[in-house]
Amino acid sequence: MFMLHPRLKEDTVEVTRLRLSLVLLMNDRALPWLILVPARKELREIHDLDRNDRRVLIEEIALASAIIKRLYLPDKINVGVLGNLVPQLHVHVIGRFAADRAWPGPIWGTGPSTPYTPEELNLHCTTIREAFQKGA
1 MFMLHPRLKE DTVEVTRLRL SLVLLMNDRA LPWLILVPAR KELREIHDLD
51 RNDRRVLIEE IALASAIIKR LYLPDKINVG VLGNLVPQLH VHVIGRFAAD
101 RAWPGPIWGT GPSTPYTPEE LNLHCTTIRE AFQKGA
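Each residue of the sequence shown is one higher than the one before, starting from 1 at the first, in our numbering.
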């Protein structure tokens, strides 16, 4: 049975579910940051997915990237699969800006996050969810 890793549960808010992945919003108002978690048990790496699920995942990453690009107009989209601290397979899709706290380097480990207010969180989750429902 699929269960979300506690660290992901702690740092994010669920936005929606896609064909394969659970879509989470990182609770950091500094960047538009989605995390896709394939809803399959005990996966660590992309190659652990079967061929069909790998295809679905790449399409879901492309869709999440397009949504971030359209809604937030970032300078760049970063896609990363690290899993060094959270072993559960998850894919970061992050809108980056030339003025963000880590540009041009990676965002990880660049300081404490600033959580959304409850109102901001509700607005962003609703907007992103609606974009996924429309298909970008």
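From the three backbone atoms N, C-alpha and C, an ideal C-beta is built for every residue, glycine too.
Can you give me the Cβ contacts of D100 inside the same chain, cut-off strictly under 8 Å, excluding the 5 residues immediately before and after it? Start at 1 with the first residue of the sequence shown, and residue 100 comes out as number 100. For D100, where only same-chain residues beyond five positions count, the Cβ hits under 8 Å are A30, L31, I107.
Can you give the beta carbon distance from L24 to T12, rounded, assuming they're within the 8 Å contact cut? If you number the sequence shown from 1, residue 24 lands on position 24. If you number the sequence shown from 1, residue 12 lands on position 12. Between L24 and T12 a beta carbon distance of about 4 Å is seen, short of the 8 Å cut, so the two are scored as contacting.
Is it the case that the Cβ atoms of V93 and I77 are separated by a distance below 8 Å? Within the sequence shown, the letter at position 93 stands for residue 93. Within the sequence shown, the letter at position 77 stands for residue 77. Contact flag set, yes.
Per DSSP, cross-strand counterpart(s) of I61: Your numbering for residue 61 matches position 61 in the sequence shown. I61 is not bridged to any residue.
Please list, in chain order, all residues of the same chain as E10 whose beta carbon is under 6 Å from its beta carbon, the five residues on each side excluded. Against the sequence shown, residue 10 aligns to sequence position 10. Excluding sequence neighbours, E10 sits near nothing in its chain.
Nearest to K41 (by Cα), restricted to the options W33, D50, L34: For the purposes of this step, residue 41 is taken as the residue at position 41 of the sequence shown. Nearest option by C-alpha distance: D50.
Closest residue to V86 among F2, R7, M1 (Cα-Cα distance): On the sequence shown, residue 86 is found 86 positions in, with the first residue counted as 1. Cα-wise, what sits closest to V86 is R7.
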